[in-house]
Every structure is written in C-alpha cells, then in structure tokens.
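Chains as they are written, first to last, in the numbering used here: chain H, 91 to 453; chain F, 6 to 248.
Right, here's the structure in full:
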C-alpha cells in the first residue's frame, strides 16, 4: 500500500487521491488473496494444477481490476481528472495484481499440498503401527487347543484316580493360562520370567506324557536378565516336543540351552526325530513360521530363527538382539486386571467342577 | 465283548478304562500306546471294539486302520483335530471329544451295541481322513510284518496292480490297497503326474522323454526305470513341466 502511495505521489498526484486509490486497490487485493488461499484449503487441484493456477489468477485479477475501477468511480464520480491516470495505468495495475495473486495462489498450493502430504504420512504410519501391533498380538496369542483339551482330559482322568494330583494340575494349568493372558499385554520379558512360564508348561506336559518326556534346560545366571519377546520360548519348545513325541517312539529328551553372546541372547532347542520318515523341512517349517514372522515384525530382520538337522536331532536356534531401551512402558493396568479376572474365573470354574466331582465320589 | 484301548497318553487310557468298568460284559484285553502296538494287539486278540486316539507317535489312528485287513468297530477319541472331526461328522462312526463325560461315553457304547456293523462307515472315515495335510505327504504301507512310512519325495513312481497300487521307492516296491485315482488326486499338489492310465511318475526324477511307438512316449527316470506315456498323459506331463 505504502509503495503504491509513494509511487502515486511521485507522479504528482494529490494526497487524497493517492491514499484512496492505494487503499482501495490493496484491500481488494488482500481480499482476493484470502479468497484464493481459502479456496485452496478445501479444494486442491490435482493433475493440471499449473493451468488451474494460471486461469484462476487471471480471472481473479480481472475481477479485481473491475472492482477497483467500479469502487474508485463510485468514490470520485465521473469527470475527476484522476480518472485519466487510472485509465493510463491499467496495464501496470493489472500486471502487478496478477503477479501478486498468482504467487499467492502458488504459495497456497504448495503449502496445502505439503500439509496434506504430512497428514497422509502420519495416517499411514499410524495404520502401519496398528496393524503391526494387531498382528503381533495375534501371533503371541496362539494357544494350542490341542494342548488345552488334552490337559483337561488328563485332569478329568486324575479326578477319580488321584484327586490331589488333579487339583495340583489344575493349579499348574491355571498359572500357565494366567501367565499367557498377562504376557499377552507385554512385549518384552526377561529370560528368567520366560523360563518360569516355560516350566509351568513343561510340568503339565510331563503329567500328560509321563516317563516319555524328559527335559534339560541349561543356562548361566548372566543370561537370566537378558530380554526376550514375551511368549516366544514356549511355542518353540512346544513345537520341539510335538515333533519329538510324534516322530519317534520311546523316550524323548528335549534340550534347551540359553547363552549370552555379544549383544545377543542365543537359544538352542534340540529334539530327536526320525530322518528316515520325516519330510525334508521346507524353509523353517513345522509350525515355526509364526515365530519367524514375529521376530521379523519386532526386529525388521530375517534369519534370527534357523533350523538344522544333525543326525537324529532337529535343532532350532533363535538369536535375540539385545537393544538397549527395548523395554516398552508397561501397557495399561486395566488390560492386566482384565486378564487376571478372566483367568481367575476359569480357575474357579475348574475348581467348582472338580469339587463337585470329588463330592459326588464321596457320596 | 473284547475291547482294546489305543492312546499314547496313559491318563487318557485311564479314563476310558474307568468308564468301561460299569460294563461287566466288556473285557479289556489290551492297552496300547501307539499304532504299531495297536496293530499287533488287533491281529492277536481280534477285539470287537477299539477306542482309538488320532494323534499318536509315528502313525496316526487313521493310518493304523488303513493297515488292518478287517478292522473292528471303532470309537475314535480325540482332543482337537479339525480334519478328523470333519471326517467323522459325515459318518455314522462315533467319536468322543476329550475330555468327555460318562454320559457321552455311555451313548457311544449304546450306539455300538445297537449298530454293531460300523465297518463300512469306518472305511469311509479313513478314506476322508487320508486327504488331510499330514497324511498327504506320506504313505504308510505294510511290508510283511513291518510297517513302512514313505515320505512322498522318496517315491519314484506308482503302478496300477489290480486292486492295489504298487509304490516304487528308494527301498524297493510296496503294495497299497488304494485306487490310482486316489493317488492321482492326493499327489497332484506335489510334483507328480499321471502319465498313463496305469502310471503316476515323480516328475523331479525325469531325465529323458523319448518318442515311442505310434503316438506314445517313454519316460526315463534317473533311477533307470522306463515308464510308458500315453497321448493324454503326455499333454498332462507337458503341463506339469511347463513345456
């Protein structure tokens, strides 16, 4: 506005005319810019966006010129000598107006496209994070129904032959289930916690399979504090047990060895198998694919899980990178309470059932 | 009524044993912890009824039944096996889902007592179950008194032999009472092709295909075996090999 005023003054135009002219034209220009920018906020042209800007800018500039003339005409009325100045300067006015309006629209276009891109990006990362979390949750949660029903069947058998042992097994199964539910909410555990959870599982399996199943767990105390994704160990051992028990006859020894290495925790699980009758394992095979997927989602790396055969033994090796600061903040205690509630509910129902059975027996 | 229980878990056998106590006519003659023992016991004692678990070491319950000439009546017991349950549901054969109650057990016994002839439906169940993924990548055969588990990648080719199919493998040939159509279907997802009415070949072992007689061809396997190829078989082979 000031620039225009000074310019008009230099052309020997009196103060009143100069101020009025520059005010009218500049306020109108500001209104036009505001209009364009606001328009872009709600409608961003795709494809031919430069043509769009050119056409819109030209149109708006033209309207601006018309409005300016009209308003100035209303103010000064016909016959004012100043009109000749306005008429003579229309080229410059139009040029300046067009330049300002088009650069304004160009700027708005860039600004809003960038804004939109940022939003899309944010949305994408959010979606990705959610789907990854959902998948991880699902992978963690895979409790084998076969294990559960067979354990319940064992308990059912024990209720009459050895009620005390039946009650003990219910306790073990409940603790195991509670652990599974609670750990579902956590991403990371120490090896010690995972081994405790594994022990519950092994105790139950030993009741089921009796003398056939032997286990050996080897570790040094220094490894106990290392971090491991929650509920990773048990499915690996479950897989080894199934493979071992159903592929051979007679006693089966499952060996687990955990060692601390440079920045990693290495876990080796070994089970016997029959190389004569087993299919060559495709990839990692035999139910380990979900473990592999989990490791990939957590570490964005392949090759952390590997398997090999050594004579009569099938060996599964997992390498867990130890990243400092991997400990995730504890998730909402509400969910944990929920898990507790569910497992104690299961627990009490099983207890009721067994008490009824025992009572019936005693009658 | 002679009864045999076949289950790899001691406690699972225990519950059947306990429920059976209320039937004075039932005579439990053997308890087996795997399919091999099961076959022996069935051949030796000729039981009237067996309680059979599905998931067992080495060979499963269905595979065990395949190997028995005239299987006795069966009540299947299983914890969770989607495929098995599907096989049962379309048949008259009874099955008990673990853990099962005494009432449910009694029902199964009553059903057996009133419809003693369940052999044909047992056969159907076994055939349906043979399509399950675990059973599709191996074939269980009897070799004299021994039982052989053949992983399908060790099969060279199959040849029709009257009511049987001859399976030629690394370790010689074995007979299995099945149809060529059965094998053609179950092996189709692997690298096998029905090259002739009487032959199914492992296409990974092919070294040469020569023209033979008028419209036929002859396959040469790496093992040295020669297999005739019919005109239709040649088309199928080209499809499988992608030539």
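Cβ coordinates follow ideal geometry from the N, Cα and C atoms, glycine included.
Check                                                                                                                                                                                      : Outcome
Counting only runs of 4+ residues fully inside the segment 35-108 of chain F, write out the alpha helix (DSSP H) ranges in chain order.                                                    : 40-50, 66-71 and 87-94
Answer with yes or no whether the minimum CB distance from residue 60 of chain F to chain H is below 8 Å.                                                                                  : yes
Cβ of residue 23 of chain F less than 8 Å from any chain H Cβ?                                                                                                                             : yes
Using Cβ-Cβ distances below 7 Å, what residues of the segment 241-252 of chain H are close to chain F?                                                                                     : 242, 243, 244, 246, 247, 248, 250 and 251
Look at residue 316 of chain H and residue 270 of chain H and say whether their C-beta atoms are less than 8 Å apart.                                                                      : no
Closer than 8 Å, CB to CB, is residue 160 of chain F near chain H or not?                                                                                                                  : no
Just checking: is the beta-carbon of residue 3 of chain F within a distance shorter than 8 Å of some beta-carbon in chain H?                                                               : Residue 3 of chain F falls outside the range modelled here, since chain F spans only 6 to 248, and no answer is possible.
Just reading off the alpha helix (DSSP H) that residue 161 of chain F is part of, what are its end residues?                                                                               : No alpha helix (DSSP H) contains residue 161 of chain F, which is instead part of the beta strand (DSSP E) from 160-166.
Between the segment 62-75 of chain F and chain H, which residues of the former have a C-beta closer than 9 Å to a C-beta of the latter?                                                    : 62, 63 and 65
Indicate the three-state DSSP secondary structure (helix, strand or coil) for residue 139 of chain H in the structure shown.                                                               : helix
Is there a C-beta anywhere in chain H that falls below 8 Å from the one on residue 216 of chain F?                                                                                         : no
Measuring straight from C-alpha to C-alpha, what distance separates residue 43 of chain F and residue 56 of chain F?                                                                       : 10 Å
Using beta carbons (cut-off 8 Å, strictly below), is residue 476 of chain H in contact with chain F?                                                                                       : Missing from the structure shown is residue 476 of chain H; chain H here goes from 91 to 453 and no further.
Could you please tell me which residues of the segment 259-290 of chain H, in chain order, have their CB closer than 9 Å to any CB of chain F?                                             : none
Around the C-beta of residue 418 of chain H, are 16 or more other C-beta atoms found within 10 angstroms, so that it is buried, or is it exposed?                                          : Residue placement at residue 418 of chain H cannot be trusted, given a pLDDT of 45 that sits under 50; what the coordinates show is reported in the next sentence. That one is exposed.
Which residue wins for smallest C-alpha separation from residue 247 of chain H, given the options F/11, F/15, F/7 and F/6?                                                                 : F/15
At a CB-CB cut-off below 7 Å, which residues of chain H make contact with residue 15 of chain F?                                                                                           : 300
When the distance is taken between beta carbons, is residue 62 of chain F closer than 8 Å to residue 70 of chain F?                                                                        : no
List, in order along the chain, the chain H residues whose C-beta lies closer than 8 Å to that of residue 19 of chain F?                                                                   : 247 and 251
By Cβ distance, which residues of its chain are closer than 6 Å to residue 144 of chain F, with the 5 residues on each side in sequence left out?                                          : 155
In this structure, how does DSSP classify residue 411 of chain H when only helix, strand and coil are distinguished?                                                                       : strand
Out of curiosity, what's the CA-to-CA distance linking residue 467 of chain H and residue 321 of chain H?                                                                                  : The question about residue 467 of chain H has no answer here: the residues shown for chain H are numbered 91 through 453.
Taking Cβ positions, are residue 338 of chain H and residue 363 of chain H nearer each other than 8 Å?                                                                                     : yes
Kindly indicate if chain H contains any beta-carbon less than 8 Å away from that of residue 56 of chain F.                                                                                 : no
Output, in sequence order along the chain, the residues in the segment 319-338 of chain H whose CB is closer than 8 Å to any CB in chain F.                                                : 335, 336, 337 and 338
Just to confirm before moving on: does the CB-CB distance between residue 404 of chain H and residue 103 of chain F stay below 8 Å?                                                        : no
Starting from residue 327 of chain H, follow its DSSP beta bridges and name the residues at the other end.                                                                                 : According to DSSP, which records beta bridges pairwise, residue 327 of chain H is partnered with nothing at all.
What span of residues does the beta strand (DSSP E) with residue 18 of chain F cover, start to end?                                                                                        : Premise fails: residue 18 of chain F lies in the alpha helix (DSSP H), 15-25, not in any beta strand (DSSP E).
Tell me, please, whether the CB atom of residue 239 of chain H is closer than 8 Å to any CB atom in chain F?                                                                               : yes
Please identify, using Cβ separations under 7 Å, the residues of the segment 352-365 of chain H that lie next to chain F, in order along the chain.                                        : none
Return the chain-ordered list of same chain residues with a C-beta closer than 7 Å to the C-beta of residue 210 of chain F, the five sequence neighbours on each side being excluded.      : 161, 226, 227 and 228
List the residues of chain H that residue 103 of chain F touches, going by C-beta distances under 7 Å, in chain order.                                                                     : 239, 240 and 243
Please identify the residue among H/121, H/331 and H/93 whose C-alpha is closest to the C-alpha of residue 288 of chain H.                                                                 : H/331
I'd like to know whether the C-beta of residue 411 of chain H is nearer than 8 Å to at least one C-beta of chain F.                                                                        : no
Excluding the 5 residues preceding and the 5 following residue 313 of chain H in the sequence, name in chain order all residues of the same chain whose CB lies nearer than 8 Å to its CB. : 281, 348, 349, 350 and 355
For the beta strand (DSSP E) containing residue 143 of chain F, name the first residue and the last one.                                                                                   : 143-148
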